[in-house]
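Novice: Here's a structure for you.
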Amino acid sequence: MTDSAPRTPDGGDGTWAVIRVRIAVALVLLYAVASGAAWISLAATAPGRPAPDEISTYESRFQQLRSALPARGVVGYLGHPDPTGSTPGEQNAASLLHFKRHLLAQYALAPVLLLEGIEPEFVVGNFDPGTVPSTPAGFRIVRDFGDGLVLFRRAP
Amino acid sequence: MTVALGLSLLVSAAAGVVLLRLAWPRAAAAWPWPLGTALGTAFGVGLSSVLLYLWMLAFGPTRGFPLAESGLLGAVTIAALMRGRMAPRPQPSPSPGERRSRLRYLLAGAAVVALIAAGAAFLANLQRQPHGEWDAWMNWDLRARMIFRGGGGWRTAFSGMIPWSHPDYPLMVQSLVVRSWLYAGGETLRGPALVAATFTFGTVALLVAALAALRNLSQGLLAGLVLLSTPFFIIHGTSFYGDVPVGFFFLATSVCLALDARYGGATRRFGMLAGVAAGLAMWTKNEGLMFVPAVGAAILLSGSVSSGWPAARRRLVAFALGLFPMLLVAASFKLHLAPRNDLLATLGVERTIGRITDLKRYYLTLREYFTHLATFGSNGFGSGTWLLLAYLLAMGIGRRAVDRVWMRMAAIVLALMLAGHFVVFVAMAYDLPRLLNSSLDRLLLQLWPSALFLLFMVVRTPEEAGSTLLRADPS
Chain P
0 MTDSAPRTPD GGDGTWAVIR VRIAVALVLL YAVASGAAWI SLAATAPGRP
50 APDEISTYES RFQQLRSALP ARGVVGYLGH PDPTGSTPGE QNAASLLHFK
100 RHLLAQYALA PVLLLEGIEP EFVVGNFDPG TVPSTPAGFR IVRDFGDGLV
150 LFRRAP
Chain E
0 MTVALGLSLL VSAAAGVVLL RLAWPRAAAA WPWPLGTALG TAFGVGLSSV
50 LLYLWMLAFG PTRGFPLAES GLLGAVTIAA LMRGRMAPRP QPSPSPGERR
100 SRLRYLLAGA AVVALIAAGA AFLANLQRQP HGEWDAWMNW DLRARMIFRG
150 GGGWRTAFSG MIPWSHPDYP LMVQSLVVRS WLYAGGETLR GPALVAATFT
200 FGTVALLVAA LAALRNLSQG LLAGLVLLST PFFIIHGTSF YGDVPVGFFF
250 LATSVCLALD ARYGGATRRF GMLAGVAAGL AMWTKNEGLM FVPAVGAAIL
300 LSGSVSSGWP AARRRLVAFA LGLFPMLLVA ASFKLHLAPR NDLLATLGVE
350 RTIGRITDLK RYYLTLREYF THLATFGSNG FGSGTWLLLA YLLAMGIGRR
400 AVDRVWMRMA AIVLALMLAG HFVVFVAMAY DLPRLLNSSL DRLLLQLWPS
450 ALFLLFMVVR TPEEAGSTLL RADPS
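In order, the protein sequences belong to chains P and E. Using numbering that gives the first Met the number 0, you'd call the opening residue of the first sequence number 0 and step up by one each time. Using numbering that gives the first Met the number 0, you'd call the opening residue of the second sequence number 0 and step up by one each time.
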């Protein structure tokens with residue numbers, strides 16, 4: 000085994016090697032201390048008891064709707080906000096929020112497939128709470144679950 | 000439910016350790032329990048995922064799976080006992096100076112504190128976001144729900160009607176979440192949490208154990224400290240994405256190749272195990288599809304550089320033999336279930352030529368590579384990259400002939416992966432700045448445990464570098 004290390008400026012008595020090793024180990028320990036402090040701070044600011052997170056809260060809206068849907072298959076989806084805006088920034092933000100709500104609805108209602116649009120027989124309406132949903136042409140409301148959540152079905 | 004979840008992990012880990020113990024070439028290398036346990040857990044978890052996939056193809060995601068899997072573990076254990084392969088073989092014991100030194104006590108104490116702190120942060124973050132981050136509920140856990148809730152119609156989970164959910168992604172993470180729910184008897188957020196914890200802390204355990212076996216314990220503890228202190232590694236571990244899991248299998252491959260370099264002259268088994276581990280990486284994320292040829296190329300290139308063609312050929316054949324079963328599994332998924340990859344779907348000759356002839360894309364990608372590499376692992380004290388560079392300069396390189404070929408191989412794999420991702424960014428990314436911003440750190444994270452393993456294999460140990468801290472404790 001041959002090692003390559005910086006030449007020692009201490010006349011070869013090993014002091015420089017010891018200093019180098021101590022500095023190197025100290026660097027790793029300081030790095031660990033900095034992260035450890037951040038970890039402890041993160042843990043200390045955690046809520047004492049589990050509180051409902053954003054996803055769980057949003058998902059709970061869909062509980063009743065889930066039991067009203069077919070067990071599997073494809074269902075349409077209409078949602079707020081409309082992916083439009085007066086500036087590109089606003090449009091991007093609206094599109095992202097629209098997409099996120101669609102994803103969360105899909106996550107909550109799996110294994111049913113939610114497709115944007117009104118082709119399927121059933122359509123889930125996921126609107127802003129408090130808005131009066133407009134029923135798509137050719138559909139009727141099966142049930143209004145409140146909080147902006149509506150199930151439509153194609154009228155016979 | 001918690002007991003059942005614990006059992007799910009225990010069955011995987013125990014099956015993997017027993018199987019690895021059976022496959023371990025004891026005539027060539029002693030069985031190190033810490034490394035055997037960590038590596039065995041990696042294989043066990045991976046094989047559990049594959050077993051569930053095969054079970055689903057035959058029966059769907061049914062409650063009979065835990066019983067069948069536990070029965071299989073029992074059969075494997077009995078077979079192992081009957082073959083008399085379970086008795087531990089004595090390992091060479093470290094010298095008294097190696098066993099007890101002030102530095103080693105210091106590092107062990109620091110590692111325990113770091114593990115507790117990281118574990119507390121991990122749990123706190125899980126409590127804050129029990130569903131993980133965006134990609135978890137858009138992709139990984141959504142797919143697990145669709146499979147678990149889908150029953151006989153579980154294949155709907157791979158419908159091309161929801162391309163934004165990446166239904167072509169390999170099944171490791173999703174199937175392990177489904178498996179945890181099958182053991183628990185229903186959906187629970189603790190399932191994905193357990194899977195995430197297994198991969199996150201399993202990676203740390205594998206890194207420490209591998210370096211302890213191949214270098215020494217101090218080196219393993221130092222590397223473990225750096226990994227446990229890498230902020231993005233712990234935080235991203237709770238996101239339920241596939242990056243930490245695929246990094247786990249990249250590391251497992253690298254460890255098996257290092258064992259092969261040490262003991263491969265007498266056995267092909269470590270090379271085959273490297274092939275299995277690389278196959279499991281391929282079964283975890285699409286990046287594994289790039290990793291497999293990168294390893295193959297690295298084996299050949301390192302052979303050509305060191306004029307070791309016969310050894311390289313032997314290693315490549317062993318690697319391919321181990322990889323082959325996983326190739327079949329992955330191919331069956333890609334050909335029969337998965338729709339086309341969305342990134343590949345946007346490729347067209349004209350569009351691709353337009354991208355690869357646009358110099359701005361090269362500049363932007365290079366700039367982001369440099370920035371993200373330089374700041375990776377920043378925690379207020381400094382970035383992990385600069386820390387390791389300073390550490391390397393201070394300690395120096397230990398040029399051990401026995402690991403030279405492996406070191407070349409591991410360095411080439413990392414370089415090829417970085418180069419491969421660079422090409423993907425330049426040639427395929429639709430919205431390049433957004434993709435670089437959202438995924439480059441995650442790609443670096445996948446390689447980070449393997450990079451730490453390589454660095455701490457290369458750099459001299461504190462003992463070699465000559466610390467007086469290492470004098471044996473007279474007590």
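Yeah, the Cβ is synthetic: ideal placement off N, Cα and C, and Gly gets one too. Here the structure is a predicted model, which is why all the values come from computation and not from measurement.
Out of E:137, E:207, E:396, E:399, state which residue places its alpha-carbon closest to the alpha-carbon of residue 173 of chain E.
Specialist: For this step, residue 173 of chain E is matched to residue 174 along the second sequence. Nearest C-alpha to residue 173 of chain E: E:137.
Novice: Just the chain P side, please: which residues come within less than 8 Å of residue 461 of chain E by C-beta, in chain order?
Specialist: Translated into the one-based positions of the second sequence, residue 461 of chain E becomes position 462. Per Cβ cutoff of 8 Å: 20, 23, 24.
Novice: Give the secondary structure of residue 336 of chain E by DSSP, where H, G and I count as helix, E and B as strand, and everything else as coil.
Specialist: Position 337 of the second sequence, counting from 1, holds the residue named residue 336 of chain E. Looking at residue 336 of chain E - three-state DSSP - the assignment turns out to be coil, as it is neither helix nor strand.
Novice: So, does the CB of residue 450 of chain E fall closer than 8 Å to a CB anywhere in chain P?
Specialist: Indexing the second sequence from 1 puts residue 450 of chain E at position 451. No, no contact with chain P.
Novice: From residue 170 of chain E to residue 17 of chain P, what does the alpha carbon distance come to, in whole angstroms?
Specialist: Residue mapping note: residue 170 of chain E aligns to position 171 of the second sequence, counting from 1. Residue mapping note: residue 17 of chain P aligns to position 18 of the first sequence, counting from 1. Computed Cα separation, rounded: 49 Å.
Novice: Considering only DSSP beta bridges, list what residue 118 of chain E is partnered with.
Specialist: Position 119 of the second sequence, counting from 1, holds the residue named residue 118 of chain E. Answer is none; residue 118 of chain E lacks a bridge partner.
Novice: Just to make sure I have the definition right: I need the residues of chain P whose C-beta is within less than 9 Å of the C-beta of residue 199 of chain E. Which are they?
Specialist: Counted from its first residue, the second sequence places residue 199 of chain E at position 200. In chain order: nothing, as chain P lies at least about 13 Å away.
Novice: In the DSSP output, which residue or residues are listed as bridge partners for residue 112 of chain P?
Specialist: Translated into the one-based positions of the first sequence, residue 112 of chain P becomes position 113. Residue 112 of chain P is bridged to P:73.
Novice: Of the choices P:107, P:106, P:78, whose alpha-carbon is the least far from that of residue 94 of chain P?
Specialist: Looking up residue 94 of chain P in the first sequence gives position 95. Answer by Cα proximity: P:78.
Novice: Should residue 142 of chain E be labelled buried (16 or more other beta-carbon atoms within 10 Å of its own) or exposed?
Specialist: The residue you call residue 142 of chain E lines up with position 143 of the second sequence. Buried, since its Cβ has 16 or more Cβ neighbours within 10 Å.
Novice: By the DSSP assignment, the beta strand (DSSP E) with residue 125 of chain P in it spans what residues?
Specialist: Numbered from 1 along the first sequence, position 126 holds the residue referred to as residue 125 of chain P. Element bounds for residue 125 of chain P: 121-125.
Novice: Would DSSP call residue 148 of chain P helix, strand or coil?
Specialist: Sequence index remark: in the first sequence, residue 148 of chain P carries index 149 (1-based). Strand.
Novice: Mark residue 362 of chain E as exposed unless 16 or more other C-beta atoms lie within 10 angstroms of its C-beta, in which case mark it buried.
Specialist: As a position in the second sequence, residue 362 of chain E is number 363, starting the count at 1. Looking at its Cβ environment, which holds fewer than 16 other Cβ atoms inside 10 Å, residue 362 of chain E is exposed.
Novice: Note down the Cα distance separating residue 402 of chain E from residue 224 of chain E, rounded to an integer number of angstroms.
Specialist: Your numbering for residue 402 of chain E matches position 403 in the second sequence. Your numbering for residue 224 of chain E matches position 225 in the second sequence. Cα to Cα, the separation comes out at about 23 Å.
Novice: Would DSSP call residue 66 of chain P helix, strand or coil?
Specialist: Here the question's residue 66 of chain P lines up with position 67 in the first sequence. Reduced to three states, the DSSP call for residue 66 of chain P is helix.
Novice: From the DSSP output, in three-state form, read off residue 184 of chain P for me.
Specialist: Outside the shown range of chain P, which is 0 to 155, sits residue 184 of chain P, and nothing can be said about it.
Novice: Check the Cβ of residue 137 of chain E against every Cβ in chain P and list those closer than 7 Å, keeping chain order.
Specialist: The count along the second sequence starts at 1 and reaches residue 137 of chain E at position 138. Correct list: 102.
Novice: Can you tell which of E:62, E:307, E:354 has its C-alpha closest to the C-alpha of residue 177 of chain E?
Specialist: For the purposes of this step, residue 177 of chain E is taken as residue 178 along the second sequence, with counting starting at 1. Restricting attention to E:62, E:307, E:354, the CA atom closest to the CA of residue 177 of chain E is found in E:62.
Novice: Taking 8 Å as the CB-CB limit, is residue 46 of chain P close to chain E?
Specialist: Working through the first sequence from its first residue, we reach residue 46 of chain P at position 47. Chain E, which has a Cβ nearer than 8 Å to the Cβ of residue 46 of chain P, makes this yes.
Novice: Does DSSP put residue 138 of chain P in a helix, a strand or coil?
Specialist: To locate residue 138 of chain P, count along the first sequence from 1; it is residue 139. Residue 138 of chain P falls in the strand class under three-state DSSP.
Novice: Taking all protein chains shown into account, decide if residue 429 of chain E is buried (16 or more other Cβ within 10 angstroms of its Cβ) or exposed.
Specialist: Taking the second sequence and counting its residues from 1, one reaches residue 429 of chain E at position 430. Of the other Cβ atoms in all chains shown, fewer than 16 fall within 10 Å of the Cβ of residue 429 of chain E; this residue is therefore exposed.
Novice: Residue 415 of chain E and residue 319 of chain E - do their beta-carbons sit closer together than 8 Å?
Specialist: By one-based count along the second sequence, residue 319 of chain E stands at place 320. By one-based count along the second sequence, residue 415 of chain E stands at place 416. No, they are not a contact pair.
Novice: I need the straight-line Cα distance from residue 155 of chain P to residue 123 of chain P, nearest angstrom please.
Specialist: For this step, residue 155 of chain P is matched to residue 156 along the first sequence. For this step, residue 123 of chain P is matched to residue 124 along the first sequence. Each residue's Cα considered, the two are about 18 Å apart.
Novice: Could you tell me the alpha carbon to alpha carbon distance between residue 248 of chain E and residue 129 of chain P, rounded to whole angstroms?
Specialist: Sequence index remark: in the second sequence, residue 248 of chain E carries index 249 (1-based). Sequence index remark: in the first sequence, residue 129 of chain P carries index 130 (1-based). Each residue's Cα considered, the two are about 49 Å apart.
Novice: Mind checking whether residue 389 of chain E and residue 413 of chain E have CB atoms under 8 Å apart?
Specialist: Within the second sequence, residue 389 of chain E is the residue found at index 390, counting from 1. Within the second sequence, residue 413 of chain E is the residue found at index 414, counting from 1. No, they are not a contact pair.
Novice: Can you check which of these residues, E:377, E:382, E:396, E:35, is closest to residue 207 of chain E by C-alpha distance?
Specialist: Position 208 of the second sequence, counted from the first residue, corresponds to residue 207 of chain E. Taking only the C-alpha atoms, the option nearest residue 207 of chain E is E:35.
Novice: How should residue 104 of chain E be labelled, buried or exposed, when 16 other C-beta atoms within 10 angstroms of its C-beta is the threshold for buried?
Specialist: In the second sequence, residue 104 of chain E corresponds to position 105, counting from 1. By the neighbour-count rule (16 or more Cβ atoms within 10 Å), residue 104 of chain E is not buried but exposed.
Novice: Taking just the CA atoms, how far does residue 135 of chain E sit from residue 406 of chain E?
Specialist: Indexing the second sequence from 1 puts residue 406 of chain E at position 407. Indexing the second sequence from 1 puts residue 135 of chain E at position 136. Rounded to the nearest angstrom, the two C-alpha atoms are 35 Å apart.
Novice: Using a beta-carbon distance cut-off of less than 9 Å, what residues from the segment 49-79 of chain P approach chain E?
Specialist: 49, 50, 52, 53, 54, 55, 58, 70, 71, 72, 73
Novice: So, residue 245 of chain E versus residue 235 of chain E, is the Cβ gap smaller than 8 Å?
Specialist: Residue 245 of chain E sits at position 246 when you count from the first residue of the second sequence. Residue 235 of chain E sits at position 236 when you count from the first residue of the second sequence. No; because the gap between Cβ atoms is not below 8 Å, this pair is not in contact.
Novice: Could you check if residue 0 of chain E is buried or exposed, using at least 16 other CB atoms within 10 Å of its CB as the buried criterion?
Specialist: In the second sequence, counting from the first residue as 1, residue 0 of chain E sits at position 1. It counts as exposed.
Novice: Taking the beta carbon of residue 473 of chain E as the centre, do at least 16 other beta carbons fall within 10 Å, making it buried, or is it exposed?
Specialist: On the second sequence, position 474 is the one that residue 473 of chain E refers to. Low local confidence applies: a pLDDT of 45 at residue 473 of chain E is under 50, so the model's placement there is unreliable, with the coordinate-based value given in what follows. Answer is exposed; the Cβ neighbour count stays below 16.
Novice: Can you have a look at residue 477 of chain E and say buried or exposed, based on whether 16 or more other CB atoms are within 10 angstroms of its CB?
Specialist: The structure shown does not extend to residue 477 of chain E, since chain E is modelled only from 0 through 474, so no value can be given for it.
Novice: What separation, rounded to the nearest whole angstrom, lies between the Cα atoms of residue 64 of chain E and residue 41 of chain E?
Specialist: The sequence position of residue 64 of chain E within the second sequence is 65, counting from 1. The sequence position of residue 41 of chain E within the second sequence is 42, counting from 1. Rounded to whole angstroms, residue 64 of chain E to residue 41 of chain E spans 20 Å at the Cα level.
Novice: In its own chain, which residues sit with a C-beta less than 6 Å from the C-beta of residue 12 of chain E, not counting the 5 before and 5 after it?
Specialist: As a working mapping, residue 12 of chain E is identified with position 13 in the second sequence. Hits under 6 Å: 40, 43.
Novice: Please confirm if residue 96 of chain P has its CB atom under 8 Å from at least one CB of chain E.
Specialist: Translated into positions along the first sequence, residue 96 of chain P becomes position 97. Output row for residue 96 of chain P: interface = no.
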